[in-house]
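Participant:
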Amino acid sequence: MDWKLDSRHPIGLFDSGVGGFTVLKELKHILPNEQFIYFGDTRNLPYGDKSPEIIHNWATNSIKFLLRLKVKAIVVACNISSSVLTKEELTAIPVPVFTLIEYGAKRAVEVTRLKKVGVLATMATVQTRSYERVLSSLDNGIEVVQSACPKFVPMIESGKLATKEIEATVREYLTPITESGADAIIYGCSHYPLLSRVIEKYVNGAVLIDPAVEVAKAVKEKLSEIPALRTDPPHPDVFFVSKITENFLSTAKTFLGQDISGHTLEWIVNE
Ligand code: DGL
Numbered sequence: 000m001d002w003k004l005d006s007r008h009p010i011g012l013f014d015s016g017v018g019g020f021t022v023l024k025e026l027k028h029i030l031p032n033e034q035f036i037y038f039g040d041t042r043n044l045p046y047g048d049k050s051p052e053i054i055h056n057w058a059t060n061s062i063k064f065l066l067r068l069k070v071k072a073i074v075v076a077c078n079i080s081s082s083v084l085t086k087e088e089l090t091a092i093p094v095p096v097f098t099l100i101e102y103g104a105k106r107a108v109e110v111t112r113l114k115k116v117g118v119l120a121t122m123a124t125v126q127t128r129s130y131e132r133v134l135s136s137l138d139n140g141i142e143v144v145q146s147a148c149p150k151f152v153p154m155i156e157s158g159k160l161a162t163k164e165i166e167a168t169v170r171e172y173l174t175p176i177t178e179s180g181a182d183a184i185i186y187g188c189s190h191y192p193l194l195s196r197v198i199e200k201y202v203n204g205a206v207l208i209d210p211a212v213e214v215a216k217a218v219k220e221k222l223s224e225i226p227a228l229r230t231d232p233p234h235p236d237v238f239f240v241s242k243i244t245e246n247f248l249s250t251a252k253t254f255l256g257q258d259i260s261g262h263t264l265e266w267i268v269n270e
């Protein structure tokens, strides 16, 4: 496909729900003039307990949807989506595409001194072993300890981030990682930084790595190089969801500091 990159076009990103907000926040922080289009597949969340085939189908539809809106770059703000897409599929996308796993893994390899890296992720991401693969391709001496956290996304999407149950669940999921002595821990699901205040308390001195911070730097670097950075004042971001939820709107307000109710549209991307 012939694709003309235009610096005035928006950057697209997608996730199952509010997880991608953690990526959007980092992007907006270092790319203040860009306009973003966000798709949250709220009708189908959580993705983490679905099959790789279904997630693959949804991720492909989300990418096609963003391309139809003429985005100049796509950030797959969902680890499980990029875990099920092949390298060939990602490179066939006619605009620059960024995934969290590569950047999170790269940072973890730089940070770990003990060569032991913990990964907190959804069940589906853990099962694809995508982090293990990428980490060992960067350094095959790295020991990877994964912990599946199936309760986190439903808790975050329920909007109650400060309950006793969350505290106990965070402790439970971190135990295998801290007991292994890992000194770097990757947020292997974009939702999890929303629990950072609790997670930070139980990491036992390990460094927490948010791949969103790294990916945002990479997007800026790539757009500067093309060049396709936007320089005029930003237009408001546009949000699409497959189902409008109270949590989506309220998390945008509390976490992103944006009242998005006037520019959030319901759109069925995935049947
Ligand atoms: N936030 C997503 C991820 O990074 C998906 C979480 C889910 O819906 O289970 O994997």
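Counting from 1, position 80 in the sequence shown corresponds to residue 79 in numbering that gives the first Met the number 0; the numbering is continuous, with no gaps.
Yeah, the Cβ is synthetic: ideal placement off N, Cα and C, and Gly gets one too.
For clarity, every value in this text was computed on a predicted model and none was experimentally measured.
Pull up the distance between the alpha-carbon of L30 and that of K219, whole angstroms please.
Facilitator: The residue given as residue 30 occupies position 31 in the sequence shown. The residue given as residue 219 occupies position 220 in the sequence shown. Going by the C-alpha atoms only, they are around 7 Å apart.
Participant: Select from D5, R106 and I92 the residue whose C-alpha is nearest the C-alpha of A215.
Facilitator: Here residue 215 refers to the residue found at position 216 when the sequence shown is read from its first residue. Taking only the C-alpha atoms, the option nearest A215 is R106.
Participant: For T98, which beta-bridge partners are listed by DSSP?
Facilitator: Counting from 1 along the sequence shown, the entry for residue 98 is found at position 99. Per DSSP, V75.
Participant: Should G187 and T124 be called a contact, given that it needs their Cβ atoms to be closer than 8 Å?
Facilitator: Counted from its first residue, the sequence shown places residue 187 at position 188. Counted from its first residue, the sequence shown places residue 124 at position 125. In contact: G187 and T124 (Cβ atoms closer than 8 Å).
Participant: Report the three-state DSSP secondary structure of D1 (helix, strand or coil).
Facilitator: Here residue 1 refers to the residue found at position 2 of the sequence shown. Because D1 carries a pLDDT of 47, less than 50, the predicted location of this residue cannot be relied on, and the following value inherits that uncertainty. Three-state DSSP puts D1 in coil, outside helix and strand.
Participant: Are there any heavy atoms of ligand 1 lying less than 7 Å away from the beta-carbon of G103, as far as the coordinates show?
Facilitator: What you label residue 103 is simply residue 104 of the sequence shown in a count that begins at 1. Incorrect: G103 has no Cβ contact closer than 7 Å to ligand 1.
Participant: Would you check if the distance between the CB atom of V118 and the CB atom of I185 is smaller than 8 Å?
Facilitator: Position 119 of the sequence shown, counted from the first residue, corresponds to residue 118. Position 186 of the sequence shown, counted from the first residue, corresponds to residue 185. Yes, these two residues count as a Cβ contact at 8 Å.
Participant: From what residue to what residue does the beta strand (DSSP E) around K146 run?
Facilitator: Residue 146 sits at position 147 when you count from the first residue of the sequence shown. Checking the displayed sequence, the identity of residue 146 turns out to be Ser instead of Lys. Per DSSP, S146 belongs to the beta strand (DSSP E) from E142 to A147.
Participant: Check T162 in the structure and name its three-state DSSP category.
Facilitator: By 1-based counting over the sequence shown, the position of residue 162 is 163. Note: T162 maps to coil in three-state DSSP.
Participant: Going by the C-beta, is C148 closer than 7 Å to any heavy atom of ligand 1?
Facilitator: Reading the sequence shown from its first residue, position 149 is the one you call residue 148. Because no heavy atom of ligand 1 lies under 7 Å away, the Cβ of C148 does not count as near it: no.
Participant: Closer than 8 Å is the cut-off here; do at least three beta carbon pairs connect the stretch 71-81 with the stretch 145-158?
Facilitator: Judged by Cβ distances under 8 Å, the stretch 71-81 makes no contact with the stretch 145-158, as fewer than three pairs qualify.
Participant: Under 7 Å: does the beta carbon of L44 sit that close to some heavy atom of ligand 2?
Facilitator: Summarising the ligand content, the structure contains ligand 1 and does not contain ligand 2.
Participant: Return the Cβ separation of I36 and V83 in integer angstroms, given the expectation that the two are a contact with Cβ distance under 8 Å.
Facilitator: If you number the sequence shown from 1, residue 36 lands on position 37. If you number the sequence shown from 1, residue 83 lands on position 84. Not quite, the Cβ-Cβ distance comes to about 22 Å (not below 8 Å), so this is no contact.
Participant: Going by CA-CA distance only, name the one from T253, F247, L248 and K242 that's closest to R42.
Facilitator: Taking the sequence shown and counting its residues from 1, one reaches residue 42 at position 43. The shortest C-alpha separation from R42 is found at K242.
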